[in-house]
Structure formats: structure tokens, C-alpha cells
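Notes to accompany the following structure.
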Amino acid sequence: MNATAAVISVRGLTKRFGPVTALDGIDLDVRRGETLAVLGPNGAGKSTLLRLLAGLARPSRGSLRIGGGGDGDASASRALARGGVGYVGHATLLYPALTARENLVFAARLYGVDDPAGRAGSLLRAQGLEAVAERPAGEFSRGTAQRLAIARGLVHDPAVVLLDEPFAGLDRAASERLLERLRDLGRSGRTLVLVTHDLGHASALADSALVLVRGRIVHRASAEDLEPARLEAAYLARVEAAS
Amino acid sequence: MNVLLAVLWKDLLSEWRSRDRVVSMLLFSLLVVVIFHFALPPGPPAQAQALAPGLLWVATLFAALLGLNRAFALELENDALSGLALAPVDRGWIFLGKAIANFVLIVVVQVVTAGAFGLAFGAPVLAHPVGFALVLGLGSAGISAAGTLFGAVAVRTRFRELVLALLLLPLLVPVLAAATRATTVLFETGDLDPAPLRLLAVADAVFWISSYLLFEYVLDE
Numbered sequence: 000m001n002a003t004a005a006v007i008s009v010r011g012l013t014k015r016f017g018p019v020t021a022l023d024g025i026d027l028d029v030r031r032g033e034t035l036a037v038l039g040p041n042g043a044g045k046s047t048l049l050r051l052l053a054g055l056a057r058p059s060r061g062s063l064r065i066g067g068g069g070d071g072d073a074s075a076s077r078a079l080a081r082g083g084v085g086y087v088g089h090a091t092l093l094y095p096a097l098t099a100r101e102n103l104v105f106a107a108r109l110y111g112v113d114d115p116a117g118r119a120g121s122l123l124r125a126q127g128l129e130a131v132a133e134r135p136a137g138e139f140s141r142g143t144a145q146r147l148a149i150a151r152g153l154v155h156d157p158a159v160v161l162l163d164e165p166f167a168g169l170d171r172a173a174s175e176r177l178l179e180r181l182r183d184l185g186r187s188g189r190t191l192v193l194v195t196h197d198l199g200h201a202s203a204l205a206d207s208a209l210v211l212v213r214g215r216i217v218h219r220a221s222a223e224d225l226e227p228a229r230l231e232a233a234y235l236a237r238v239e240a241a242s
Numbered sequence: 000m001n002v003l004l005a006v007l008w009k010d011l012l013s014e015w016r017s018r019d020r021v022v023s024m025l026l027f028s029l030l031v032v033v034i035f036h037f038a039l040p041p042g043p044p045a046q047a048q049a050l051a052p053g054l055l056w057v058a059t060l061f062a063a064l065l066g067l068n069r070a071f072a073l074e075l076e077n078d079a080l081s082g083l084a085l086a087p088v089d090r091g092w093i094f095l096g097k098a099i100a101n102f103v104l105i106v107v108v109q110v111v112t113a114g115a116f117g118l119a120f121g122a123p124v125l126a127h128p129v130g131f132a133l134v135l136g137l138g139s140a141g142i143s144a145a146g147t148l149f150g151a152v153a154v155r156t157r158f159r160e161l162v163l164a165l166l167l168l169p170l171l172v173p174v175l176a177a178a179t180r181a182t183t184v185l186f187e188t189g190d191l192d193p194a195p196l197r198l199l200a201v202a203d204a205v206f207w208i209s210s211y212l213l214f215e216y217v218l219d220e
């Protein structure tokens, strides 16, 4: 597959929760190696979009294809799609009673990684978590837990990484460190989809952005539109017009 | 299979570290023994022995409900349930790992509770150990399979404790009736009654197979 091929392809994606339409006819392509920022006010459907991409929910209508797997409703096909995706959510997905190393070994075993202990060790080193490897995750600060959550999301070396508000609850220093780690992820050739409220982080990280309001895409920003002032002006104008 | 073992290891290790489920289950079931020991009017030992099987299974069921509710509540902390749902595997293996972990905890609690019933009511729990283990195992297997499936269904609802009880208790009537009957016959005659054991085996097979197949959809949002 060449570098410009869409690694995520979404057509007419709709998700309803009872009478509420959370996403309404989303069309979207994300190229291999691209970092896409998904912006929008609360309740716009950003997290729902990410959870659909991750395979945590089924679409009410439309199609969704990630990498080599994943269109259709077959369980095996959906499982294949989940295998190519790393997900870092609002919450850390960690077990507080397990140590950092045990959390990573468990995740590696879930993903069928060949050497779970070795992979956990290398991720702990990469994230600078060796000193706390044998401590229970329940004792970690928000920043440390978030670093471990990112390591968990990368445990199977996914081609696509989905990040849902990864900066939430972090102080300034921890945010800067996370920003640098996400830049490294982008530079490693992975495709990133980043849901955030922070236009500054979107400008700093993304190659493109889209703005969701009430489940619909109201604005698409290309690389040249991501200059912070320009992005903020466009965001405010579109959100106000659509609200 | 690796996923089954991973989930089983994770659940049992978490429980070993916290012990919150097994302690609450044990406290409840032992409390039932103590209360009924003092509440029942004095009478011949045979009368108390006749009540013991029913009381044992009532204590087991409600202690299991406590543990099953907690099993998935733990997965909600940090949204770890989504971490399980993201695994690129047949989710039936996740069900099997969790259901076997629940089975182990229920059996541990049941063995201690049975000992307490033996002491308090003079129930012959050690007279026929192989037969008694078979009945306990078959009954607990049915409770843990159905309880794991419906625990996963109920966990994302607002009143999850109530929802789990409402879904689970009617379904478990055949299991409880058969287990109580088999235990009663075993205590009275020392024989295994094939009719309730057959019913238990069929109910267990239905619960384990259907839960394995349905778990794929239960973990979806």
C-alpha cells in the first residue's frame, strides 16, 4: 500500500443511541502516517467516532474500514480490525491492583504478542517507567498513569493509534512531555487520530483536522489551515454557526 | 486459549491482592448459617438436616450475586472493560476466563459454607465427598456461567445490582431446584439421584455454550 492510501476509510457512518443520533453520515479518509485532530464542543460525537473506529461499538448505518481488516459485521473481521488499532481513552484501561508491568503483560497476552514479558519491559523503558514497574497502577499520579496507558495502547505495535483527550487532567509539564511523545509516535509512521478540546495541541500535532458539531462534520482543515489563530477563528465561526 | 488463561490469571491475581469479593461473599454466607442456626425452632436433628440443602443453595446463590456484581464493577474502574472489548480475539474466550474465575470463587465460598452447615446443622457434608463435590461443581458451574453473562449485560445499566438479580434469578430456578434436590437425596440416602444431575448437566451446557456465543455482542456498546 502506498503512503497516500487511506488507512481509515469511513462512509456514511451513523450511530444512534435510542432516539439520540450521536453521529450522522460521517465520511472520512485518513492516510497512512497522517495525524488527524477531531475537534468539537461537548456532545459533538467525537468520542463516539473514536470508539466506533476502535471497534468498541457497532455503527447503526454506514461502513468503516481500517487497514487490512474490518468492514462488515462478521466477528472475525471486526476482531482483525481491532488488532490493528491502539486505543488510549479518557480512562486509562488499567487495573489498579496490578503493577505497571503486570498491566502491560496482561495487555500483551490479550493481543497475542509473542513475548509478553519482553514487550512489557521494552515499553516500560521507552516510557521511562522502569522505576515504577513493580508498583500497583492504582498508586500512580495522573501523568504516570497516562504514560502507562499509552504504553498499553502500543503494546501490539499498532499501525493506527486513537487518542481520546489524552491531555485531560495533566499539568503543564506533563502535557509538554506527552506532546513530545505523541510527536515521536507521529514520526514513527503511525496514523494518529486525536480527539481534543485543545486547539493548541491540535495545531502542534496534526496534519489535518475536522470539526464535529451535533454528530456532523462542519469543517475540515488541511495542513495550511492549522496555524493556531486561523484554526481558532475557523473553529469558533463554524461551531457558532452550527449551534 | 491464551486469552482465557490471561483473563483468569488477571481476575484471580486481582482478587488475591484485594480479597474484597471473597470476603464479602464469605461473610454473607456464614451470616446466613448463623442466623438460621438461631432462628429455627429446636427439633430433632433430622429436621435441621432436611433444611440444610435448601439453605446451603440459597446462601450460595445470594453470595454469588454479591461476587458477580463486583466482578464487572471492577472492570468499570478506569474503563478496563473497554480494554477487554478491544482485544482482537473471539470474545468467547474472555467470557470463559471470567466465568472460570467466578466459578473458582463461588466454589471456595461454597466449600467453607458447606463446612459451616455441617457444623451448625449436622449435615453430612463429609459423608459422600465425591458425590457432594459433583453436585456442588455442577450447581456452581451453572450459576457462574449465567452470572458472568448477565453480569456483563447489567454492568452498564444504572441499577446494575437490581438488573442482575432480575435477569439471573428466574433463569437459575432449574439449576437451584435440581441442585437442592440432588443434595437432599445425597444427604438422606448417600446416593446420587440421576434425574436432577441430568437437569443440572443440561442447564450447564446450555448456559456455557449460549454465553460463549453471546458474549461477542454483550461487550459491544
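Chains as they are written, first to last, in numbering that gives the first Met the number 0: chain A, 0 to 242; chain B, 0 to 220. Where a beta carbon is used, it is the ideal one built from N, C-alpha and C, also for glycine.
Pick helix, strand or coil for residue i, following the three-state DSSP scheme.
{"i": "Gly-31 of chain B", "result": "The sequence shown places Val at residue 31 of chain B, not Gly. Val-31 of chain B: helix per DSSP, three-state reduction."}
{"i": "Pro-115 of chain A", "result": "helix"}
{"i": "Ser-242 of chain A", "result": "coil"}
{"i": "Met-0 of chain A", "result": "Summary for Met-0 of chain A: the model assigns pLDDT 43, below 50, so the residue's position carries little reliability, and this model does not support an answer."}
{"i": "Ala-126 of chain B", "result": "coil"}
{"i": "Leu-65 of chain B", "result": "helix"}
{"i": "Ala-36 of chain A", "result": "strand"}
{"i": "Val-88 of chain B", "result": "coil"}
{"i": "Ala-21 of chain A", "result": "strand"}
{"i": "Ile-208 of chain B", "result": "helix"}
{"i": "Thr-190 of chain A", "result": "strand"}
{"i": "Ser-8 of chain A", "result": "strand"}
{"i": "His-196 of chain A", "result": "coil"}
{"i": "His-89 of chain A", "result": "coil"}
{"i": "Phe-158 of chain B", "result": "coil"}
How many Å lie between residue i and residue j at the Cα?
{"i": "Leu-49 of chain A", "j": "Leu-63 of chain A", "result": "12 Å"}
{"i": "Arg-10 of chain A", "j": "Pro-58 of chain A", "result": "11 Å"}
{"i": "Ile-65 of chain A", "j": "Arg-189 of chain A", "result": "13 Å"}
{"i": "Leu-272 of chain A", "j": "Tyr-216 of chain B", "result": "Chain A is shown only over 0 to 242; residue 272 of chain A falls outside these bounds and no answer can be derived."}
{"i": "Thr-13 of chain A", "j": "Leu-27 of chain A", "result": "12 Å"}
{"i": "His-243 of chain A", "j": "Pro-52 of chain B", "result": "In the structure as shown, chain A starts at 0 and stops at 242, and residue 243 of chain A therefore has no counterpart that could be examined."}
{"i": "Val-107 of chain B", "j": "Pro-157 of chain A", "result": "40 Å"}
{"i": "Ile-105 of chain B", "j": "Arg-215 of chain A", "result": "48 Å"}
{"i": "Val-134 of chain B", "j": "Val-201 of chain B", "result": "13 Å"}
{"i": "His-155 of chain A", "j": "Pro-18 of chain A", "result": "37 Å"}
{"i": "Gly-91 of chain B", "j": "Tyr-211 of chain B", "result": "5 Å"}
{"i": "Glu-160 of chain B", "j": "Ala-240 of chain A", "result": "44 Å"}
Excluding the 5 residues preceding and the 5 following residue i in the sequence, name in chain order all residues of the same chain whose CB lies nearer than 7 Å to its CB.
{"i": "Asp-192 of chain B", "result": "Arg-180, Ala-181 and Val-184"}
{"i": "Met-0 of chain A", "result": "In this predicted model, Met-0 of chain A has a pLDDT of only 43, less than 50, meaning its place in the structure is not dependable enough to derive any value."}
{"i": "Gly-203 of chain A", "result": "A small correction: the amino acid at residue 203 of chain A is Ala; Gly does not occupy that position in the sequence shown. Once the five neighbours on either side are set aside, the close Cβ partners of Ala-203 of chain A are Leu-178."}
{"i": "Pro-40 of chain A", "result": "Val-212 and Val-238"}
{"i": "Lys-97 of chain B", "result": "Val-6, Asp-10, Ala-70 and Thr-147"}
{"i": "Leu-75 of chain B", "result": "Val-154"}
{"i": "Ala-106 of chain A", "result": "Arg-151 and Val-154"}
{"i": "Ala-205 of chain A", "result": "Thr-34, Leu-35, Ala-36, Leu-193 and Leu-225"}
Please work out which residues of its chain come closer than 6 Å, Cβ to Cβ, to residue i, disregarding the five sequence neighbours upstream and downstream, and give them in chain order.
{"i": "Ser-23 of chain B", "result": "Leu-65"}
{"i": "Leu-153 of chain A", "result": "Gly-85"}
{"i": "Gly-185 of chain A", "result": "Thr-34 and Leu-191"}
{"i": "Asp-163 of chain A", "result": "Ser-46, Leu-49, Gly-88, His-89 and Val-194"}
{"i": "Val-112 of chain B", "result": "With the sequence shown as reference, residue 112 of chain B is identified as Thr, and Val is not the correct amino acid for it. Only Ser-28 and Ala-58 meet the Cβ criterion."}
{"i": "Gly-168 of chain A", "result": "Arg-141"}
Practice item. Kindly provide the ranges of any alpha helix (DSSP H) runs that are 4 or more residues long and lie completely inside the region 39 to 68 of chain A, ordered along the chain. Key: 45 to 53
Practice item. Could you tell me which uninterrupted beta strand (DSSP E) segments, each at least 3 residues in length, are contained entirely in the region 106 to 184 of chain A, listed from first to last along the chain? Key: 159 to 163
Review point. When Cβ atoms are compared, which residues of the region 0 to 31 of chain A fall closer than 7 Å to chain B?
Key: none
Exercise for review: Note down, in chain order, all residues in the region 181 to 201 of chain A with a beta-carbon under 8 Å from any beta-carbon belonging to chain B.
Suggested key: Legend: CB atoms of the region 181 to 201 of chain A lying less than 8 Å from CB atoms of chain B are not found in any residue.
Check your understanding: the region 62 to 82 of chain B: which residues have C-beta closer than 7 Å to a C-beta of chain A, in chain order?
Key -> Contact residues of the region 62 to 82 of chain B toward chain A are Glu-76, Asn-77, Asp-78, Ala-79, Ser-81 and Gly-82 (C-beta to C-beta distance below 7 Å).
Review point. Going along the chain, which residues of the region 102 to 119 of chain A sit with their C-beta nearer than 8 Å to a C-beta in chain B?
Key: Phe-105, Ala-106, Arg-108, Leu-109, Tyr-110 and Gly-111
Review point. Between the region 142 to 176 of chain B and chain A, which residues of the former have a C-beta closer than 7 Å to a C-beta of the latter?
Key: none
Exercise for review: Anything in the region 11 to 39 of chain B with a Cβ closer than 8 Å to a Cβ of chain A? List those residues in chain order, please.
Suggested key: Only Leu-12, Ser-13, Arg-16 and Ser-17 from the region 11 to 39 of chain B bring a Cβ to less than 8 Å from some Cβ of chain A.
Check your understanding: For the region 85 to 96 of chain A, which residues have a beta carbon sitting closer than 8 Å to at least one beta carbon of chain B?
Key -> Tyr-86, Gly-88, His-89, Ala-90, Thr-91, Leu-92, Leu-93, Tyr-94, Pro-95 and Ala-96
Check your understanding: Got a sec: which bits of the region 153 to 184 of chain A sit with their beta carbon under 9 Å from any beta carbon on chain B, in order along the chain?
Key -> His-155
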